[in-house]
Amino acid sequence: MAGNTFGNLFKVATFGESHGIAIGGVIDGCPSGIELDLDAIQTELNRRKPGQSKIVTQRKEPDTVEFFSGIFEGKTTGTPIGFAIRNTNQKSHDYSHIKDSYRPSHADYVYDKKYGFRDYRGGGRSSARETASRVVAGAIAKQFLSNIKINAFVSQVGELKLNKNYTELNLADTELNPVRCPDQEMAAKMESYIKEIKKEGDTIGGVITCVIQNVPIGLGEPAFDKLHAELGKAMLSINAVKGFEYGSGFNGVAMKGSAHNDQFNTDGTTKTNFSGGIQGGISNGMDIYFNVAFKPVATIIQPYETIDKNGAIVKTQGKGRHDPCVVPRAVPIVEAMAALVLADYTLIHNSAK
Ligand SMILES: Cc1cc2nc3c(=O)[nH]c(=O)nc-3n(C[C@H](O)[C@H](O)[C@H](O)COP(=O)(O)O)c2cc1C
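For the sequence shown, the residue numbers in the working numbering are 49 to 401.
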């Protein structure tokens, strides 16, 4: 299986399956001398972990990260940082019904066809449990970036859409509710809607908006490694992601150039920011902002029809502990992937000087 490593200079390779002994990773290329706040890393993991509220999967995992290398006396040494998170709350029998059949719209069918064999327990490597390792690496990248601020929040659940620009919101309020929407009134509506969906044994999609502030001018390489291209790859590599747009995104299509052009102030900042902080693939010092769309995930706790290994139609019933809507738990994952891109592109930029 190729493609378990992300990044060019600040790299992370992840390993592990949902119901194996542990998941984890190796960060290769993290500069030395960064004072690490280990509690802050664990706090990020706690934002992603299952069982944190009634609107997420009730799998109970402490998700405690253990570090094995690369840190000495609280600082990074510049050597590979190895870490793991033990899996402690597997209920593999919940998955025996998908051993020989495939959940529609999950990864079961393609894994079997591609590899001829799969660890079906908890979705194996296709489980979003893998993203806990990304959150650890991203938390370290955030500490490396220190001045750059990355804040993601839920801006849509199903048809409930927050019609406010991020500048009209207090992003510090995101953690005040289990949905992770900084508008408390909208968050309450989203929360009750997710509860309804959960009662039906169904799932619903959502959108996460991410804002990156204090980005210096110059990150991003002009041809294939444009900053927004790498952010797009990072976001689209997250399980269940179906869409990525930055700046004016798809809405910009309906505007005329005369309205869409970001007019300069004399200090080089711009009066508007439809560019989303990136021009020609390079950060221009304005806020970077983008939206990430997540689908309603595949596992529904309802009867459904599918096919088995022999292509025969089977009727089955979804089981196990699943997320009715993944966006509340995906907020720290989006931030982590954004931090990994920014850390990597900072090192690339510095190496070209
Ligand atoms: C935080 C998070 C939690 C998820 N939880 C579930 C889940 O409980 N059940 C499920 O079927 N899919 C879940 N997914 C999505 C699957 O991992 C994903 O749909 C699957 O690997 C197939 O990949 P694709 O949807 O990107 O094609 C979750 C995704 C994220 C980001």
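Glycine included, every Cβ here is placed at the ideal spot set by N, Cα and C.
Take residue i and list the residues in its own chain whose beta-carbon comes closer than 6 angstroms to its own, dropping the five residues that flank it on each side.
i      : result
Tyr294 : His276, Gly324, Phe338
Asn195 : Asn262
Asp221 : Pro230
Lys274 : Gly268, Gly329
Gly77  : Leu57, Phe58, Lys59
Ser296 : Phe322
Asn199 : Leu219, Val259
Beta carbon of residue i, beta carbon of residue j: below 8 angstroms?
i      : j      : result
Gly73  : Val184 : yes
Val113 : Ile75  : no
Gln191 : Leu57  : no
Leu390 : Ile260 : yes
Val362 : Ser153 : no
Glu178 : Thr364 : no
His397 : Gly266 : yes
Gly99  : Lys108 : yes
Phe342 : Lys281 : no
Cys258 : Glu353 : no
Ser175 : Ser66  : yes
Ala386 : Leu284 : no
Lys367 : Ile381 : no
Lys123 : Ile69  : no
Thr320 : Arg151 : no
Ser101 : Pro226 : yes
Asp111 : Leu93  : yes
Using C-beta distances below 7 angstroms, list every residue in its chain close to residue i, excluding the 5 sequence neighbours before and after it, in chain order.
i      : result
Thr318 : Asp310, Gln311, Phe312, Met334
Asp371 : Val104, Thr105, Val345, Arg377
Arg228 : Phe201, Val202, Thr222, Pro376, Val379
Ile146 : Asp156, Tyr168
Leu224 : Gln232
Thr127 : Ser117, Gly118
Phe131 : Gly72, Gly73, Val113, Glu114, Phe115, Phe116, Val184
Asp272 : Note that residue 272 corresponds to Phe in the displayed sequence, not to Asp. Taken in chain order, the list of residues that qualify is empty.
For the beta strand (DSSP E) containing residue i, name the first residue and the last one.
i      : result
Tyr294 : 289 to 294
Ile260 : 254 to 261
Ile198 : 197 to 205
Thr62  : 59 to 63
So, for residue i: in the same chain, excluding its five sequence neighbours on each side, which residues have a beta-carbon less than 8 angstroms away from its beta-carbon?
i      : result
Met49  : Tyr163, Arg173
Ile13  : The chain is shown from 49 up to 401; residue 13 falls before or after that span and cannot be answered.
Arg369 : Pro98, Thr105, Gln106, Arg107, Lys139, Asp142
Leu388 : Phe54, Gly55, Phe58, Val60, Arg182, Ala185, Gly186, Ala189, Ala282
Lys357 : Asp148, Ser149, Asp160
Leu208 : Met234, Lys237, Met238, Tyr241
Check for me: the alpha helix (DSSP H) holding residue i runs from which residue to which?
i      : result
Lys243 : 232 to 247
With a threshold of 7 angstroms (Cβ to nearest heavy atom), would residue i be considered close to ligand 2?
i      : result
Met238 : With respect to ligand 2, the structure offers nothing, as its ligand set consists of ligand 1.
Completely contained alpha helix (DSSP H) runs for the segment 139 to 192, where each covers 4 or more residues = 156 to 163
query = Within the structure, which residues are defined as neighbours of ligand 1 by a Cβ-heavy atom distance below 7 angstroms, reported in chain order?
reply = Arg96, Thr105, Arg151, Ser153, His154, Ala155, Gly171, Ser174, Ser175, Ala176, Thr179, Ile286, Asn287, Ala288, Val289, Phe342, Lys343, Val345, Ala346, Thr347, His370, Asp371, Val374, Arg377, Ala378, Ile381
key: alpha helix (DSSP H) runs contained entirely in the segment 75 to 144, provided each spans 4 or more residues   = 86 to 96
Complete runs of the alpha helix (DSSP H) confined to the segment 339 to 386 [at least 4 residues] = none
query = In chain order, which beta strand (DSSP E) runs of at least 3 residues are fully inside the segment 270 to 319?
reply = 289 to 294
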